[in-house]
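**Student:** Supplied in structure tokens, the structure appears directly below.
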Amino acid sequence: MNEEYNRMIEAQDISKDAPAEEPDRQYYFMKKCRESVKKKSEELGRPLTCSLTTFGCQMNARDSEKLAGILEEIGCVRTDTEDADLVIYNTCTVRENANNKVYGRLGGLQRQKKKNPHMRIALCGCMMQEPSVVEKIRESYRFVDLIFGTHNIYKFAELLDAAWESDSMIIDLWKEGSRIVEELPSDRKYSFKSGVNIMYGCNNFCSYCIVPYVRGRERSREPGDIIREIGCLAADGVVEIMLLGQNVNSYGKTLKTPLSFAALLEKIEQIEGIERIRFMTSHPKDLSDELIGVMRRSEKICRHLHLPLQSGSSRILEKMNRRYDKAHYLELVDRLREAMPELALTTDIIVGFPGETEEDFMETMDVVRKARFDSAFTFLYSKRTGTPAAAMEEQVPQEVAKERFDRLLREVQKIASEKSAALTGRTLPVLAEQINEQDQTLLTGRLDNNSVVHFPGTADMIGKIWDIELAECRGFYYLGRRKDGLS
Ligand code: 5AD
Ligand code: SF4
């Protein structure tokens, strides 16, 4: 429990009506939830438990930390299994299979709920922003207790209070976030690194993508708020931050006093205690020379850039509404590599976009070979209802797309392992992140370029940066040797 939040929560008078202003209103409901949790625990003769599962991207992971912070403040005990009194799914909808996973698991929850009548099931996140999903849950999954979306995560305590008081399904969905409510607790997964939202939503409307519909329009946070948050994180022992946004390169355009992403990075660089700065995701169309310059000069910005390509075919890129072409992407890669020869470049690629021919696919393979990505996430195109691409003719047959996907994956993996092998024998700084899951005598950490390294060490070394010799490369990770003679 955080002392400061605890004070603000305890200061609320729950015999009165809830205050109208945020974030006080949420502290009020956190206090009410605390009382409910205490009462329910006494009735049950055991702590009230909760389980929180996150699907999807880093944005969702960060939102889940906010939910977890509230759960901790109100006294729910987290469990790893789903036989809990409160089960929450923070969902993703970027591809169809993300939705299917959630529906599949809801069946299991229904059986669980029959055994535990106290149980409450809450669904939130991107999938809930789709009206057709909510309709389906309302009709076929009536045992769900609470549905909320991506814009009102901060209201979780208030919604939970309502769900505990009511026997019917509570649905609270907003089309847009009217304001960004900060100053609420969050329970970070790691004590030494943290995601920091710098903006929400997306204005790009890539024709295959559902994100702009479920996360709303682009909104940047005020730089002062971001700097303050990072300052507090640093004071709390955080050494690495990941700045999060769907398109960080267009940060600041909508602010009253516009500020570029590069200028924001320069301010963040000044914050003492922060040793590594990462960010994602960058859109190639908005990546400026100013940003390349700031990255090159920086001592803290990691030598890693995630730059989604999506397709190497200019014809398909146009249909995707990406607003760059093959030549522009390759020229950008050249500029980046020239400025920072050590830069690790990773990407996202979609295979089987409507109308993709073998020639288009070969253009993608060509960019993969020329850009030599350090790693790439490859996706089969997934039709998302409501996006322009879903209505396009010439959808690519599944078996054709799958065959291209396999070819692409082989190429991507071949290049990635060649690139990792090139670093073998070097001694580089590694941030120790956790005890190795398979071998307790090893730690697992990351290089500045985001590659994983396993090396001998003990729990007290976690959260600090160590010089490690990359003794052996095993494809996508390294086995390291300590340089302080303690291995
Ligand atoms: N089908 C397949 N992949 C998609 N992505 C986004 N929408 C779709 C879709 N409809 C991929 C993109 C994006 C990543 C997060 O997910 O490559 O960069
Ligand atoms: Fe989706 Fe394109 Fe926005 Fe990324 S930039 S979230 S792919 S619409």
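According to our numbering, the sequence shown holds residues 99 to 585 in order.
Even for Gly, the Cβ is constructed at its ideal location relative to N, Cα and C.
The model shown is predicted, which means the values in this text are computed figures rather than measured ones.
In terms of DSSP beta bridges, what is Ile-168 paired with?
**Tutor:** The partner list for Ile-168 (beta bridge, DSSP) is empty, contrary to what the question assumes.
**Student:** To the nearest angstrom, how far is it from the Cα of Lys-365 to the Cα of Thr-525?
**Tutor:** Their Cα atoms are separated by approximately 30 Å.
**Student:** Starting from Phe-475, trace the beta strand (DSSP E) both ways and give me its first and last residue.
**Tutor:** 473–478
**Student:** Consider the C-beta atom of His-381 and the heavy atoms of ligand 2; say whether any pair is separated by less than 7 Å.
**Tutor:** Yes, ligand 2 has a heavy atom inside 7 Å of this Cβ.
**Student:** Spatial neighbours of Val-231 within its chain, please: C-beta separation below 8 Å, excluding the five flanking residues on both sides.
**Tutor:** Thr-191, Asn-197 and Met-225
**Student:** Does DSSP classify Arg-315 as helix, strand or coil?
**Tutor:** Coil at Arg-315, not helix or strand.
**Student:** Should Pro-310 be listed as close to ligand 2, given that the test is whether its C-beta is under 7 Å from any heavy atom?
**Tutor:** yes
**Student:** In three-state DSSP terms, what is Gln-124?
**Tutor:** helix
**Student:** If Pro-382 sits next to Leu-362, beta carbons under 8 Å apart, how far is it from one beta carbon to the other, in whole angstroms?
**Tutor:** Actually they are not in contact, since the Cβ atoms of Pro-382 and Leu-362 sit about 19 Å apart, beyond 8 Å.
**Student:** Just checking Phe-303 against ligand 2 - is the residue's beta carbon closer than 7 Å to any of the ligand's heavy atoms?
**Tutor:** Residue side-chain check: Phe-303 places its Cβ nearer than 7 Å to a non-hydrogen atom of ligand 2.
**Student:** Going by DSSP, what residue range makes up the beta strand (DSSP E) through Gly-543?
**Tutor:** 540–545
**Student:** Roughly how many whole angstroms lie between the Cα atoms of Ala-332 and Ile-369?
**Tutor:** 8 Å
**Student:** Could you check whether the Cβ of Asn-345 sits closer than 7 Å to any heavy atom belonging to ligand 2?
**Tutor:** yes
**Student:** Could you tell me which residues DSSP puts in a beta bridge with Tyr-187?
**Tutor:** Thr-151 and Leu-221
**Student:** For Cys-400, verify whether its CB is less than 7 Å away from any heavy atom of ligand 2.
**Tutor:** no
**Student:** Considering just the uninterrupted stretch of the alpha helix (DSSP H) at Ala-442, what are its terminal residues?
**Tutor:** Element bounds for Ala-442: not the alpha helix (DSSP H) but the beta strand (DSSP E), 442–449.
**Student:** Measuring CA to CA, which of Ile-296, Thr-177 and Phe-241 is closest to Ile-269?
**Tutor:** Phe-241
**Student:** Just tell me which of Val-337, Pro-356 and Lys-354 has its CA closest to the CA of Arg-376.
**Tutor:** Comparing alpha carbon positions, the residue from Val-337, Pro-356 and Lys-354 closest to Arg-376 is Val-337.
**Student:** I need the boundaries of the alpha helix (DSSP H) containing Ile-296, first residue and last residue.
**Tutor:** First-last for Ile-296: undefined, no H or E at that position.
**Student:** Quick check: what's the CA-CA separation for Thr-444 versus Trp-262?
**Tutor:** 44 Å
**Student:** Please check the pair Cys-155 and Asp-183, which I expect to be a contact at CB under 8 Å, by giving their CB distance rounded to whole angstroms.
**Tutor:** Not a contact, Cβ separation roughly 28 Å.
**Student:** As a quick exercise: from Arg-326, Ser-318, Ile-325 and Ser-409, pick the residue whose alpha carbon is nearest that of Asn-345.
**Tutor:** Ser-318
**Student:** Of the residues Leu-478, Gln-408, Ala-360 and Cys-300, which one's Cα is nearest the Cα of Asn-195?
**Tutor:** Nearest of Leu-478, Gln-408, Ala-360 and Cys-300 to Asn-195, Cα basis: Leu-478.
**Student:** Using a Cβ-Cβ cutoff of less than 8 Å, which residues in the same chain neighbour Gly-484 once the five nearest sequence positions on both sides are dropped?
**Tutor:** Glu-228, Ile-308 and Tyr-311
**Student:** CA-CA distance, Ser-585 and Ala-530?
**Tutor:** Confidence at Ser-585 is low in this model, with a pLDDT of 48, below 50, so its placement is unreliable and no value can be given for it.
**Student:** Taking the alpha-carbon positions, what's the Tyr-422 to Lys-253 distance?
**Tutor:** Rounded to whole angstroms, Tyr-422 to Lys-253 spans 39 Å at the Cα level.
**Student:** Just mark Leu-142 as buried or exposed, buried being the case when its beta carbon has 16 or more other beta carbons within 10 Å.
**Tutor:** By the C-beta density criterion, Leu-142 is exposed, having fewer than 16 other C-beta atoms within 10 angstroms.
**Student:** Confirm, please, whether the CB-CB distance from Arg-315 to Gly-293 is below 8 Å.
**Tutor:** Taking 8 Å as the Cβ cut-off, Gly-293 and Arg-315 do not qualify as a contacting pair.
**Student:** Within the continuous alpha helix (DSSP H) that includes Trp-262, where are the two ends?
**Tutor:** Note, Trp-262: alpha helix (DSSP H), 254–263.
**Student:** So, helix, strand or coil for Gly-391, using DSSP?
**Tutor:** helix
**Student:** Based on Cα-Cα distance, which residue from Glu-497, Arg-394, Glu-397 and Glu-429 lies nearest to Leu-407?
**Tutor:** Glu-429
**Student:** Suppose you measure from the CA of Leu-577 to the CA of Leu-521; what does that come to, to the nearest Å?
**Tutor:** 12 Å
**Student:** Count the other CB atoms, across all protein chains shown, that sit within 10 Å of the CB of His-402; report buried if there are 16 or more and exposed otherwise.
**Tutor:** Under this definition His-402 is a buried residue.
**Student:** Tell me whether Pro-406, by its Cβ, gets closer than 7 Å to a heavy atom of ligand 1.
**Tutor:** yes
**Student:** Can you list, in chain order, the residues of its chain with a C-beta nearer than 7 Å to that of Met-438? Leave out the 5 residues immediately preceding and following it.
**Tutor:** So the list reads Met-393, Arg-394 and Arg-401, once near-sequence residues are dropped.
**Student:** Helix, strand or coil for Arg-580 per DSSP?
**Tutor:** Annotated three-state conformation of Arg-580 is strand, per DSSP.
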